[in-house]
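According to this note's numbering, the sequence shown is numbered sequentially starting from -4. Take a look at the structure below.
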Amino acid sequence: MAGEFDFIHWIQRQQQADGNVILPAGDDMAVLRWSSADLLLVAVDQVIDGVHFDSAIHSPRQIGRKVMNRNLSDCAAMACLPAGAVACVALPRGCGHEYAQALYLGMREAGDAFDCAIVGGDTGSWPGKLVASVTIFGRSAGIEPIKRSGARAGDWIYVTGALGGSILGRHMDFVPRIALARALAQAHRLTAMIDISDGLSRDLAHICRASGVGADLQSDRIPIHDDAWTLAVKDGRPALQHALHDGEDHELCFTSPDAITMPGIVRIGQTTAQREIRLDGQSLPAAAWEHTL
Ligand SMILES: [Mg+2]
């Protein structure tokens, strides 16, 4: 891309100091205000052209939104509040200013929805495809981070929304469940939580492995998204299989000893002392997640 410094200067002009951002992008490092009561949570997530999006189909704005939202969804999984993010982007040579700006604005738009400023980053162009990476900082803000390892046998297992078929478009555009996660964590005893990025079967397996428990799921309780039914018609795989195994729903899966009734929250089963995941009493192998665009 011609004039990378122009792009960097353009980004710097988008910055402003506000709230907890004492010094935004522009110096060698940004400076954030940090309450001594807060734990700092950190995560990084990248998206790669041809793996997580297709630059021939998806706009740079959509791509920017996705990479930021994936990170925000990790904040939801831990029930923390996003406090800021830094972005690192490898641009395809010759993609142009407008493309790079739209990518940034997509990230910015997604971050702004949660008061999460982009406070720094790095950019370069190369002969390869687009790769965009975001590192996010979260603050605990009064809620102990929810880990994957706290589930106990007998806890209820919940999800926050309908699953499956995200490849039809939702994987590019989803709402991180931060507000819901924090409301749940304030009102109930959440023992383990994860955001569903690899598919319910795999992500629940992460909780089970970390917690040393198993799970009994009931197929008639799994919420199946309309997209899963649409995809089932197209590819002949049952909609339930899509709901169980498709990736990138970015709903939350969590466990709690509490009987929770909240709009949108669905109880799908219960954790067990036997270390396997069963569906209607049958062992459920986690299908290998393959993201095909
Ligand atoms: Mg995650």
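Ideal placement from N, C-alpha and C gives every residue a C-beta, glycine not left out.
1) Given this structure, state the Cα-to-Cα distance separating Leu226 from Leu163, to the nearest angstrom.
2) Return helix, strand or coil for Phe132, following the three-state DSSP convention.
3) Count the other CB atoms within 10 Å of the CB of Ile131; is the residue buried (16 or more) or exposed (fewer)?
4) Should Asp69 be counted as a contact of ligand 1 given a C-beta to heavy atom distance under 6 Å?
5) So what does DSSP say about Ser278, is it helix, strand or coil?
6) Using the Cα positions of Arg291 and Ile263, report the straight-line distance between them to the nearest angstrom.
7) Decide yes or no for the touch test of the region 98 to 107 against the region 34 to 43: beta carbon pairs closer than 8 Å, at least 3 of them.
8) Which residue's Cα is closest to the Cα of Gln181: Trp121, Ser135, Gln11?
9) Give the DSSP-derived three-state secondary structure of Gln57 in the structure shown.
10) What does the alpha-carbon distance come out to for the pair Gly291 and Lys124?
11) Quick check on the DSSP output: what are the complete alpha helix (DSSP H) runs of length 4 or more inside the region 151 to 225, in order along the chain?
12) For Thr118 versus Asp150, is the C-beta distance shorter than 7 Å?
13) State the start and end residues of the unbroken alpha helix (DSSP H) segment that holds Ile138.
14) I need the straight-line Cα distance from Gly106 to His237, nearest angstrom please.
15) Give a single yes or no on whether Ala72 has its beta carbon closer than 6 Å to a heavy atom of ligand 1.
In short:
1) By 1-based counting over the sequence shown, the position of residue 226 is 231. By 1-based counting over the sequence shown, the position of residue 163 is 168. Rounded to whole angstroms, Leu226 to Leu163 spans 8 Å at the Cα level.
2) For the purposes of this step, residue 132 is taken as residue 137 along the sequence shown, with counting starting at 1. Here Phe132 sits in strand by DSSP.
3) The residue you call residue 131 lines up with position 136 of the sequence shown. Answer is buried; the Cβ neighbour count reaches 16.
4) Your numbering for residue 69 matches position 74 in the sequence shown. Checking the Cβ of Asp69 against ligand 1 gives yes.
5) Position 283 of the sequence shown, counted from the first residue, corresponds to residue 278. Reduced to three states, the DSSP call for Ser278 is strand.
6) This structure does not reach residue 291, given that the chain is present from -4 up to 288, and the question cannot be answered.
7) Contact between the region 98 to 107 and the region 34 to 43 is absent, because fewer than three Cβ pairs lie under 8 Å.
8) Taking the sequence shown and counting its residues from 1, the one referred to as residue 181 is at position 186. Cα-wise, what sits closest to Gln181 is Ser135.
9) One-based indexing of the sequence shown puts residue 57 at position 62. Shown here, Gln57 sits in a helix according to DSSP, grouped into three states.
10) Because the chain spans -4 through 288 in this model, residue 291 falls outside it and cannot be assessed.
11) Whole alpha helix (DSSP H) segments, 4+ residues: 173 to 182, 195 to 206.
12) Within the sequence shown, the letter at position 123 stands for residue 118. Within the sequence shown, the letter at position 155 stands for residue 150. No, the pair does not count as a contact, with Cβ atoms beyond the cut-off.
13) Numbered from its first residue, the sequence shown carries residue 138 at position 143. That residue, Ile138, is in no alpha helix (DSSP H); it is neither H nor E in DSSP.
14) As a working note, residue 106 is residue 111 in the sequence shown. As a working note, residue 237 is residue 242 in the sequence shown. Whole-angstrom Cα-Cα distance: 29 Å.
15) On the sequence shown, position 77 is the one that residue 72 refers to. The nearest non-hydrogen atom of ligand 1 is less than 6 Å from the C-beta of Ala72.
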